[in-house]
Every structure is written in C-alpha cells, then in structure tokens.
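Below is one structure, written out as structure tokens, with a few remarks after it.
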Amino acid sequence: MNIKHFIMQAMKQSQLSGHLFVQSDELCNAVAKLLEREEENVPSVGTTNVVRIADSAIQRQLLGLVLDGSLHEDDGRIYLPKNFIAERETAKLVRAMIGTVAAKGNVDGAIVQAEKACGITLADKQREAVKMAVTNNISIITGGPGTGKTTVIKAIQAVYRKIFGGTVTFAAPTGRAARRLAESVGTDAATLHSTLGLRENSEDASRMIKAELLVVDETSMADMNLAYLLFKNLHPKTKLLLVGDCHQLPSVGAGNVLRDLLNCGAIPSAKLNIVHRQAKTSRINLNAHAILKNRAAGLMYGADFEFVSAKNPAEAAEIVKDIYCEYARISQSQVDGGPSHAIDEVQILSPLRAKGICGANALNKEIQGIINPTSPDKPEVIAGYKQFRINDRVMQTKNGGEISNGDIGRIVQIVNGENGGYKVQIDFGDGRIAMYGVNEMQSIDLAYAITIHKSQGSEYAVVIIPILNEASIMLQRNLVYTAITRAREKVIIVGQRDAFFKAIHRADVAKRNTRLAELIAD
C-alpha cells in the first residue's frame, strides 16, 4: 500500500478546503483514516492489522516526502511547497510596501474639489478612507453592501489625479467583478489574470504591473497564489489599494488573503460601516448587517426581503421554480429583447451544486424544461449528461481568452454538423461572442440556478435562495451573507427557518490554516 500516495492525497484535500498547511499530527490522522477506508474496500486475506502497521509508517514516509522536496515542513506545519513559498514571499513583499508617500499638494483641498466634481458628499469615514488610500503605498478599504465603497473609489480616482497627476488602474479577480467595477467607476477594468498576463493553467505571470495606483476590487476572491503573483509582479513604484468585503465567502482556492491582510494590523485600513446605498430602510442591507452581528431574531421581512416556508426539499423545489418563473416573466414583460433580459435579472443561488433536488444542477434541468422546453423546431445539443437549447442561460466554468470562469451568457445559435459534431454560439454580452464545439461545451453549465460560491462578484435584481437542512454541511453565516448581498432589489429565501437560523449562528466553519497575518506582523 503506497502510504506516500495517501499523504499527498490528504494534502490536496486539505488545500481544496482552503488550508495552506496541515499540522503534522492532523495530517497523520487524516492519512490513517484514508488507509482505513482503503483497507475496508480490499478483500481480507488474513488477520494482519494493516491500519496499525500504516500508522507506525506514516511519519517515516512523511519525512521522506519532506526530504525529497515534495512537501515542506515548518515547525510541525506541513505545506505543499508552492503554498509555503507563496505565503512566505507575499508576507515579505507586503512588509516592504508598507509606508506613506509624499503628496504634491493639499489632500484635504483635493478631496473637497473631488466631491464637487463627482457631485458627491463624503461621510467622515469615507473622507478618511480617500486620504488614506492616496497617501500610502498599500492600503485596504472594506465594507458591507451599501456602505459606499464605489463612491470612495471614484473620489480616490479624482483626488489621485489632482494630487499626483497620475492615472489609476482597476482590476478584479474575475471577469464579472471587473465588468461590474468598470460599470460602477465609469472606466476600464480588467481581470487580475489579464493584468498579470496569466494564461489558463499557468502558475506564473508574464507581465509586470506598472500602474501608478492599482485598485483591486473584490479582493476576498483572491487566493494565496494569485495574491503572491500580484505582489511579486507589482512595479516597485506602484501603489496598491485593496477593496473588498471581508465577511463574504473566502476564495475558492487556498488561503484567506483579505482577512489576513486586515488582521495583521500593519496595513492602513478603513472599514466603512454606514449604509449609504439604496434607501436607508432597505431590508436587504439592514438584514445583511444584522446577520453579521448574529441577530437572526432581529431580521425584518417585507416587500424586499421575504422568507417562504417549505416543509421539505421537494416542496421547496416547487416553490423555487414557481417564484423564478413568476419573476422572470414579469421582467420579460417589462423589457424588449426576449428571454435573455428576463433571466438576466432573476437568479437562483443554491448552497449546493450536485446534491439534492434543490441543488443547482437539478433546479437547472427543471427550470429549463419550463422556461425553454424542447421543441421540434428548436436545435439542441448534448454534452455529456447536459442538454442545451437555443436561448438557454449558461455559464462558463473555466477561464479561456475573453471569457472567464463564472461568466454568464445566452446560447444564440446551434449548428449541427456531420458525425454528431456541432457548433454552439454563446453571447456573453459586451460584444463577447464565443463559439464552442463538442469538447468545449464540457466547460459550459446551465445557469438558471448557480451556486452561491459562483455568484461572488455579481449582482442581480432578484435572488431566490433555497436554504434547507439537507445542505447543512455547507450552511454558514458568510454563505448566507454572500447570497443575500447579491441582490439589488429583492431577496426571497425558500426553505426551513431552523436551517436559515442555524446558518446565521454558524461562523466558525470558515477558519482556514494560514499564517500570512502572523508573518507580516513579525
């Protein structure tokens, strides 16, 4: 039995859970459990206790992996080498950036001029955030929904131009977040991958960032390795402002970068906590902040924030489908241009993808049959277990060219060819139209329903969120918070109230094994 194989398997599973390292004793326990499960699947040929023998050998095999460079050990912490390097080197690069810059003029006066030019009035905390961002090499602005992060970014852009006469460059971890940022600030924004010249499946950047001030939005979505590439490839004279909401879900990849950078205590930061966006009575924003404070009993319900009870997953699935179709059709009747506009404004956000009838996969199949049913005159294609038709709402699940992982579009053309071949044309908006063949369609999913994780960086008029006890393994405070803050106008939660409340009260699950904050502070 190859113990080294199971050690590496346990390390990779830990990384998928967001951890940068595993304590050696915890790793050995995890490996022993994997070996035990493997033994249970092997026919018995005697009475030898393989698990006991494996336990005595794990430490020796672990040492061998450390000695040959497959793993890195640091005071009992076991890393995959790339994670160790990324965390340690990022800490060094961050420490080197900390410091103030000399302004070429009156910053306070420039802020007043920016307010007049932008037609805004900054609150005291917003004004402090602007001053901090333009007078430091590295700084962080964080805040929840409606606290005015975009307003502050616009003011920073105007003030920086006035004080330094320089330009501000904007970026975000995903294509959706970059486009949303561009719409908000009224200027171009790119993905961090394109800014760094990162190609698909590449782990090294090909481009130095030479911006005078780089503003990175939705920083909570950046994992440790992307953050390392960012800091590694910043020009020495480039100033950096990181913006995000530290209460959202952490990155899909390993690390907890934004939280660690805030928690290190060494980087100038401003926390915006006064709601400015929408009416101050918006239940979406007020409830989002109540959830952060663990006040489930204090949530307010009404026209913009509803809870619809369901006894079980089957009933919840029916309610979700009915509500989705109702709002999609209302939206469709209010605009020209067909079903793409209707479904653009209504989104189901599920905690689960593949599990259960309220998971994204099952809901997609059901809603497709209602919204866009099969028809003799409607071309359709099959890719694996998935079926697609013209007008289907779809999502790209891998980075590729102008289309990023998580981008949502609509199938506008299907051309069937010989021997089962076909070409599918998908319109992702903003003039981005891509053609997909049989193999490429493997990276496309239906997107009437998506997971909450995939929704990060996006915003919709109406979100519908199934929350049930069957998803208990996923339910936690930052998941619910992320889901409801995707909505501009209305949140509809469907499911079991006890599951909803349990998720709000559960805040310890997001803890990840990282040392970035500690290393920066040292």
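Each residue of the sequence shown is one higher than the one before, starting from 630 at the first, in my numbering. Glycine included, each C-beta is placed from N, C-alpha and C at the ideal position.
Taking the C-beta atoms as reference points, I1093 is found nearer than 8 Å to Y953.
DSSP, read as helix, strand or coil, puts D852 in coil.
Measuring C-alpha to C-alpha distances from A1076 to each of Q1042, H1134, T1003 and S979 identifies S979 as the nearest. Note on D973: 16 or more other CB atoms within 10 angstroms of its CB, so buried under the neighbour-count rule. Counted as a single uninterrupted DSSP element, the beta strand (DSSP E) harbouring Y708 occupies residues R706 to Y708.
With a threshold of 16 other beta carbon atoms within 10 Å, R805 meets it and is buried. In this structure E744 is in contact with T750, their Cβ atoms being roughly 6 Å apart against a cut-off of 8 Å.
The three-state reading of DSSP puts I986 in coil, since its state is none of H, G, I, E or B. Look at D889 here: in three-state DSSP terms it is helix. The alpha-carbon separation between R1106 and R809 amounts to approximately 25 Å. Judged by their CB atoms, T1143 and G873 are not nearer to each other than the 8 Å cut-off.
Assignment of beta-bridge partners to Q638 by DSSP yields no partner. In the DSSP annotation of this structure, L978 is not part of any alpha helix (DSSP H); the continuous beta strand (DSSP E) holding it starts and ends at V975 to S979. With 16 or more other CB atoms across the displayed protein chains lying within 10 angstroms of its CB, A899 is buried.
Per DSSP, reduced to three states, the secondary structure at K1119 is strand. In the structure shown, H1134 adopts helical secondary structure according to DSSP, grouped into three states. Of the other Cβ atoms in all chains shown, fewer than 16 fall within 10 Å of the Cβ of A725; this residue is therefore exposed.
Between the beta-carbon of N854 and that of G826 there is about 15 Å, and that puts the pair past the 8 Å contact cut.
Boundaries for H918: no beta strand (DSSP E) harbours it, while the alpha helix (DSSP H) harbouring it runs R912 to L921, taken from the DSSP string. Across the set T776, T729 and A746, the C-alpha of T729 shows the shortest separation from the C-alpha of K760. The beta-carbon separation of K922 and I999, rounded to 39 Å, does not stay under the 8 Å limit for a contact.
Listed in chain order, the alpha helix (DSSP H) elements of length 4 or more contained wholly in the region 1041-1128 are 1106-1113. If the five residues before and after Q1071 are omitted, its C-beta is found closer than 7 Å to the C-beta atoms of A1012 and G1013, all from its own chain and listed in chain order. Comparing alpha carbon positions, the residue from L843, I792, I770 and F793 closest to D817 is L843. A straight line joining the alpha-carbon of T1111 with that of R689 spans about 43 Å. A Cβ-Cβ separation of about 6 Å places S849 in contact with P879 under the 8 Å criterion.
If you check the CB distance, L1148 and R828 do not come in under 8 Å. Between G1038 and D1059, the gap from beta carbon to beta carbon reaches 8 Å or more. The alpha-carbon of L992 is positioned some 49 Å away from that of D1151. If one requires a minimum length of 4 residues, the alpha helix (DSSP H) runs lying completely within the region 727-800 are 736-747, 753-763 and 778-793, in chain order. Three or more beta-carbon pairs drawn from the region 705-713 and the region 645-659 are found closer than 8 Å, and the two stretches are therefore classed as touching. Assigned with DSSP and collapsed to three states, V1023 falls in strand.
It is roughly 7 Å from the alpha-carbon of T824 to the alpha-carbon of I838. Just so you know, the alpha carbons of T780 and I770 end up roughly 12 Å apart.
Per the coordinates, the alpha-carbon of N916 lies some 42 Å from the alpha-carbon of R836. Within its own chain, the residues whose Cβ lies closer than 8 Å to the Cβ of I1096, once the five positions on either side in sequence are excluded, are P980, L1104, V1109, I1122, V1123, G1124, Q1125, A1128, F1129 and A1132, listed in chain order.
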